[in-house]
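Those sequence lines, one after another, are chains A and B. Numbering that gives the first Met the number 0 puts the first residue of the first sequence at 0, with every later residue one more than the last. Numbering that gives the first Met the number 0 puts the first residue of the second sequence at 0, with every later residue one more than the last. Don't be surprised by glycine CBs; every beta carbon is placed ideally from N, CA and C. All remarks here apply to the structure that follows.
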Amino acid sequence: MSSDNCFHCGQPIPLGLKLTAYIDGKEQSMCCIGCQAVAQFLADNHHQQFYQYRQQDKPTTAINKTEDYGSIEVAQQDLITVLDNGLSQTSIRVDGMYCSACAWLLQKVLGQLPGIHDIHINTISHKVQVTFLSEELTLQRIYQTISQLGYQPKPDRQKQKTDHGHFLKKLMASGFGMMFIMTISVPLYTDTLTVTDPLLRRFFVLLSLLVATWVYFYSGKVFVFNAWRDLKNRHLGMDVPVATSISLAYFASVYLSFNGQGHVYFDSMSMFIFFLLLGRFIENQVKQQHLDIQSALLDLIPISAKREVTLGIEEVPLKELKKGDILVLSAGETIAADGLIVAGHGQCNEAILTGEARPVRKMMGQRVYAGAQLIKGDIKVQISCDNDDSLLSQMAQMMERSQQQKPRQWQLADHIASYFVAVVLVLALVTLLTHWWLDTGLMMVALLSVLIATCPCALSLATPTALTAAAMNLIKHGVLINQMEAITTLHQVKSWFFDKTGTLTGSEMQVVKTHDLRKGGSQRTLPLNIITAYLQKVSSHPIASAFPSVLIDQDYGEVKEFPGYGVAGHYKKVFYRLGSDEWMRSFGYSIPDVPSDNTLVYLANDQGILAVFELTAQLREGATELCATLQEQHKSLQIVSGDHKQAVQNCAEQLHIKNWYAACKADDKKQLIMEQNEPVVMVGDGVNDAPVLAMADVSISLKQGAPLAHAASDLVILGQSLKPIMHALRVSAFTQRIIKVNLVWALLYNMSITPIAMMGMLSPWLAAIGMSVSSLLVVLNSRRVVGVKS
Amino acid sequence: MVVVLVLLSLFLVVAAIGAFFWAVNNKQFDDLDSPAYSILEDDETDHSTTSRK
């Protein structure tokens, strides 16, 4: 690691800052007091192994001030479960936990608190479950301890899923049952080793009956319930033939085992149940991972809020807030509910809702939204709607809905499978009647074999398994899937549209050239970057980010921001202005002629312009590679941007993109996409792109854009780089190929096995193996997608 | 003889299922990823926090 970056968080260290922490006998530089405190705390408590455990992953956010978490105490009751033994248990979602080192650290430090009984940390779901003695330890203390380490603890409001355990039990029960029944079925099947003693035979059959009964009623009943529900909804689901075959096999075998003649089919039945459950178990696990990511959105709403009552202000838990209540908010707090400002004014950061990073001014009568943060000012807000109707909740619902939608291809497979089921049932009936008519003595064998062997499991697994495998792969490579269908269509689309600002170029600006116009002498002694750094510290405008921050601990004079123009203030008794040409002109400065395509920013004092800075937004990482790859694949690329002509042209030339459209408003962009005759991929970010993203056949947005844009887009890129898109492209093509192979295989298998089964030449246990192997091949084939490397 | 052996195997199956159910109920299958790292913790004072039930 270079010494320019913070040893703890890896962020660049501001110029001129000399903060160090003494770790393992070495001085290490730190970027801020928060990081220093954490690093020193770790070192002092002999936890410096943290730095060894964490691999390449570093926290990317610097440590903010630690919070007080007083509000946690108010909502205590909702967050703590009291266990039977009198201990309290709580689940905390810890944001900023990246790797095993973090888990290790939390375990260590929390473990030292008095009254802690048990800590369980899941690094995958970022959840910490703490069991503690509430007499000795408060919830607030736990939260404070976690936040002192630099993590952001949030109450975990998601209900624990208990399904997982149940499912696992059912799966294992059927697995063990299957093994036992198969073991004692072998002597019944093989004629040479046959147990000749009829009494012993009887004993074996009854034992299988005992175990099979348990397997059927414990593990198999889900299928019967599902089938019953499907039938009530007049829908022929896959569970209908499944339930028919296992019930038929079970009850016929029960009858046969008491009548003492013919084969019993307990082995086939339990095997069938086991393999089906196994397939569903794997499917469920993948889905669960998706849900965890979504729930993070709602965690943004604070768990308690200050409400104005006749006697003053009281702190109440979120769920007690009602429409019409007055909330009291001061700077730094997160708004708990949607409402109208009834007193005061301030600035809100609504980035989470709109993606706009700049604070928005809020006056009396204006609307504020739950999840937004009040940056400046004090306001009173009258709640205008219940919690479930807030904009944030609606957005979360929208995301959930989009996830539940099945892709068209998936629906198609389901549709085909349901026809298939009907055909299977008809074939089974035909088989039954034929064998009965001809009196072949194979009626039961043939019937069961047909039902089991033709189960369209492989067919209906073909698409979903490949798609979920693709989703799993993509999420590991920084791509979130909103719309599964995008995976299968992405690589087919020929026409790609890119937004420029914030998509092809990064959102932060950089100074590329400085023209120092000062005349030399004493004037020049003061470095420009000190002045600009001092002035820009008050501004949160993207342009301000171009000027590197320098630590200036002394106050040299007041600085003020003039939104839309620039900043102005005193630095060591000289008055400076830093801002646009228009602003400078309004003060009568003569503007020096600097020929440039870049954005120009001027620094002036009372004597005139001192310097001109050329600013440009850098190309985003991976943009060049992505465009080159796409062009290699003969895709047509276009840039649509709201930016002015020169900037867009520059960008297009850098990326060798021939078609570009500058100065487009959101409506123009929409129009442009609508006019395309072929499918379109749109890559964009931010609010103004949301409608455009929704228009495109496949849409891709970037994480730092608005969550609203997430909802409208099919794929979300999580990192700073555009490279994941290239990976998504590769995965998309591969997935499509896998799905095709799967479908062909499943259809071929089902078609070839059915006639054999109908003739009664296939025993049910063999059919069950055939069914499982064909499904297994499909699942294994799909799993290959998970391994696609970038 | 055969009967005894078969019954014995049935008993084993029941025991295996029982053991498994016990493990699931004890949440031993809830998190299969993090405990792998616990072996790397070399702090001797720590047993009180993790193993106490």
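Take the Cβ of residue i as the centre, count every other Cβ of all protein chains shown within 10 Å, and call the residue buried at 16 or more, exposed below.
i, result
"S585(A)", "exposed"
"T60(A)", "For T60(A), the predicted structure reports a pLDDT of 48, less than 50, and the residue's modelled location is therefore unreliable. The matter cannot be settled from this model."
"W764(A)", "buried"
"V2(B)", "exposed"
"Y21(A)", "exposed"
"W659(A)", "buried"
"D155(A)", "buried"
"P301(A)", "buried"
"L7(B)", "exposed"
"Y249(A)", "buried"
"P358(A)", "buried"
"T430(A)", "buried"
"V308(A)", "exposed"
"K64(A)", "Low local confidence applies: a pLDDT of 48 at K64(A) is under 50, so the model's placement there is unreliable, and no value is given."
"L11(B)", "exposed"
"S751(A)", "exposed"
"F175(A)", "buried"
"I183(A)", "buried"
"Q491(A)", "exposed"
"W435(A)", "exposed"
Quick one: what's got a C-beta closer than 7 Å to residue i's C-beta in the same chain, skipping five residues either side?
i, result
"N780(A)", "I737, V740 and N741"
"A485(A)", "V697, D713 and L714"
"E349(A)", "E355, V359, Y368 and A371"
"A461(A)", "A412, I738, N741, L742, A745 and V777"
Under 9 Å between beta-carbons, which chain B residues line up against residue i? List them in chain order, please.
i, result
"A172(A)", "I16, F19 and F20"
"F220(A)", "Per the sequence presented here, residue 220(A) reads as Lys, with Phe not at that position. Within chain B, no residue comes near K220(A); the closest Cβ sits about 17 Å away, beyond 9 Å."
"F175(A)", "V12, V13, A15, I16 and F19"
"G278(A)", "Within chain B, no residue comes near G278(A); the closest Cβ sits about 18 Å away, beyond 9 Å."
What does a CB cutoff of less than 6 Å around residue i pick up in its chain, not counting 5 residues either side in sequence?
i, result
"T130(A)", "L86, Q88, H116 and D117"
"I378(A)", "L328, I340, G343 and G345"
"N225(A)", "D238"
"R783(A)", "none"
"T49(B)", "Only weak support exists for where T49(B) lies, its pLDDT of 43 falling under 50; the value from the coordinates is given anyway. Around T49(B): no qualifying Cβ."
In this structure, what does DSSP give as the bridge partners for residue i?
i, result
"T598(A)", "L614(A)"
"D94(A)", "Q151(A)"
"G683(A)", "S700(A)"
"I638(A)", "F497(A) and W659(A)"
"L326(A)", "R306(A) and V380(A)"
"H514(A)", "V611(A)"
"L479(A)", "V715(A)"
"F131(A)", "S87(A) and I115(A)"
"E313(A)", "R306(A)"
Determine the chain B residues that contact residue i at a beta-carbon separation under 8 Å, and present them in chain order.
i, result
"T182(A)", "S8"
"L138(A)", "Near L138(A) there are no residues of chain B at all, since even the closest Cβ is about 18 Å away, more than 8 Å."
"G477(A)", "Result: empty, since nearest Cβ-Cβ is about 19 Å, beyond 8 Å."
"L742(A)", "Ordered by position in chain B, no residue passes the 8 Å Cβ test against L742(A), which lies about 32 Å from the chain."
"L199(A)", "V1 and V2"
"F131(A)", "Going along chain B, no residue has its Cβ under 8 Å from F131(A), so there is no contact; the nearest lies around 11 Å."
"F179(A)", "S8, L9 and V12"
Here's a check: name, in chain order, each residue in its chain whose Cβ is nearer than 8 Å to the Cβ of residue i, leaving out the five neighbours to either side.
i, result
"F216(A)", "none"
"A610(A)", "T513, H514, D515, L516, R517, L527, Y601 and L602"
"I608(A)", "L516, M583, Y588, S589, I590, P591, Y601 and L602"
"T504(A)", "A616, Q617, L618, R619, A622 and C650"
"L170(A)", "S218, F273, L276, L277 and F280"
"L105(A)", "V93, M96, I118, I120, V127, I145, L148 and Y150"
"M790(A)", "For residue 790(A) there is no data in the structure shown, the boundaries of chain A being 0 and 789."
"N386(A)", "I300, L317, K318, L320, A336, A369 and S392"
"V510(A)", "A545, F546, F612, E613 and L614"
What in chain B is Cβ-close to residue i, meaning under 7 Å?
i, result
"F202(A)", "V2"
"L167(A)", "V23 and F28"
Is it the case that the CB of residue i approaches a heavy atom of the ligand GTP more closely than 7 Å?
i, result
"C34(A)", "Absence of the ligand GTP from the depicted structure is noted, as is the absence of any ligand whatsoever, leaving it without description."
Pull out every residue of the segment 0-20 of chain B whose Cβ sits closer than 9 Å to any Cβ of chain A, in chain order. Within the segment 0-20 of chain B, the qualifying residues are V1, V2, V5, L6, S8, L9, L11, V12, V13, A15, I16, F19 and F20.
Any residues in the segment 311-337 of chain A with a beta carbon nearer than 8 Å to a beta carbon of chain B? Which ones, in chain order? Within the segment 311-337 of chain A, no residue qualifies.
For the segment 205-217 of chain A, which residues have a CB atom closer than 7 Å to at least one CB atom of chain B, in sequence order? L206
Could you please tell me which residues of the segment 415-438 of chain A, in chain order, have their CB closer than 8 Å to any CB of chain B? none
In chain order, what residues of the segment 363-375 of chain A put their CB closer than 7 Å to some CB of chain B? none
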